[in-house]
Amino acid sequence: VMIAADGLRALLTGVAAALVFAGAPIVAVFSIFMVTTLVGTVFRPAQSALLPSLAETPGELTAANATSLTIHSVSFFVGPAIGGALLAFTDAGWAFVFNALTFLWSAAMVVGIRPHAPVADEGEAEGGAEGEHEGMFAGLGDGYRAIVASKDLRLLVGLYVLQTVIAGASAVYEVAIALDLLDLGDGGLGLLGFGLGLGGVIGGGVALVIAQGGRLARNFGIGIILWGAPLLLVSAYPSVATAL
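What follows is the structure in structure tokens.
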């Protein structure tokens with residue numbers, strides 16, 4: 076799934092670059108990137124599903140998740156910086172070409188991953204392909220049943236879902252805060268994006284340290300508060316300092 080997503084995103088971004096070079100209407104380019112974004116939504120869930128098969132202990136899995144999120148945060152300000160440099164010395168078409176190459180690089184990295192082979196039970200071994208097909212959907216249902224059956228899991232997953240909704244909405248809030256609330260202009264939007272990426276890097280480093288000490292649920296709850304409280308702070312006291 077990850078390789079297919081990267082390959083398709085590279086192809087679509089290459090098409091967008093060709094449209095820019097050809098002077099096609101901007102609507103056509105935006106349409107391509109809407110599809111590219113939709114394709115990209117499958118990458119991170121597939122990555123999250125793959126990581127447990129690579130880790131041998133819960134501590135390794137926690138560290139792998141923290142490292143992945145730290146790298147993701149770094150990209151928030153490294154990516155735009157590279158894009159800005161390319162736009163300064165070339166044009167948008169070459170920036171898209173570079174972006175397509177990064178997707179191909181990502182796919183090449185995924186190709187080299189060799190997850191641990193799952194150990195099949197006797198029923199799966201006897202069932203063959205039909206058993207594997209049924210087991211895939213049975214495993215999907217087992218996950219939801221485990222969440223429903225556990226009060227602690229329901230709380231953690233519920234909080235995670237809410238935090239994800241807020242994270243998605245914050246991408247819109249960030250634009251509104253920079254342009255409407257604080258009237259900072261496009262440069263201010265870049266400044267807030269830089270702050271978000273830098274905070275993610277710092278938070279990722281902290282997560283790597285506290286993951287070794289256990290009590291992950293408590294730390295997760297603290298993280299939820301630290302994620303949501305600043306949005307209320309900016310609303311109550313709008314300024315560049317509170318926004319950062």
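Numbering (my numbering), first residue to last: 76 to 319.
For each residue, glycine too, the CB sits at the ideal point set by N, CA and C.
For residue 141 and residue 89, what's the separation of their Cα atoms in angstroms? Cα to Cα, the separation comes out at about 31 Å.
Residues in its own chain within less than 6 Å of residue 294 by CB, not counting five upstream and five downstream? If we look at residue 294 and ignore the five residues flanking it on each side, its Cβ neighbours are 285.
Measuring CA to CA, which of 119, 154, 160 is closest to residue 143? The shortest C-alpha separation from residue 143 is found at 119.
Could you check whether the Cβ of residue 291 sits closer than 7 Å to any Cβ belonging to chain C? Looking at the structure shown, chain C is missing, and only one protein chain is on hand.
Which of the three DSSP states is assigned to residue 293 in this structure? Here residue 293 sits in helix by DSSP.
Rounded separation between residue 245 and residue 97 - CA only: A direct Cα-to-Cα measurement between residue 245 and residue 97 gives close to 35 Å.
In terms of residue numbering, what span does the alpha helix (DSSP H) encompassing residue 167 cover? Element bounds for residue 167: 167 to 186.
Which residues in the same chain as residue 304 place their Cβ atom closer than 6 Å to its Cβ, once the five residues preceding and following it in sequence are excluded? Only residues of its own chain outside the window of five on either side were considered, and among them none has a CB closer than 6 Å to the CB of residue 304.
If residue 85 sits next to residue 171, beta carbons under 8 Å apart, how far is it from one beta carbon to the other, in whole angstroms? Not quite, the Cβ-Cβ distance comes to about 11 Å (not below 8 Å), so this is no contact.
Apply the 10 Å Cβ neighbour rule to residue 301 and answer buried if 16 or more other Cβ atoms are within range, or exposed otherwise. With fewer than 16 other Cβ atoms within 10 Å, it is exposed.
Nearest neighbour of residue 267, chosen from 247, 282, 181 [CA to CA]: Nearest of 247, 282, 181 to residue 267, Cα basis: 247.
When the Cα of residue 112 is compared with those of 99, 173, 178, which residue comes out closest? The option with the nearest alpha carbon to residue 112 is 178.
Taking the alpha carbon of residue 124 as the reference point, which residue from 297, 110, 139 has its own alpha carbon closest? Ranking the options by Cα distance to residue 124, first place goes to 139.
For the candidate residues 228, 260, 255, whose alpha-carbon lies nearest to that of residue 291? For the residues 228, 260, 255, the minimum Cα distance to residue 291 belongs to 228.
Could you tell me whether the Cβ atoms of residue 87 and residue 101 are closer together than 7 Å? Taking C-beta atoms as the reference points, residue 87 and residue 101 fail to come closer than 7 Å.
Other residues of its chain near residue 115: CB distance less than 7 Å, five sequence neighbours each side excluded: Cβ neighbours of residue 115 beyond the five flanking positions: 80, 84.
Would DSSP call residue 237 helix, strand or coil? Helix at residue 237.
Look at residue 319 and residue 270 and say whether their C-beta atoms are less than 7 Å apart. Taking 7 Å as the Cβ cut-off, residue 319 and residue 270 qualify as a contacting pair.
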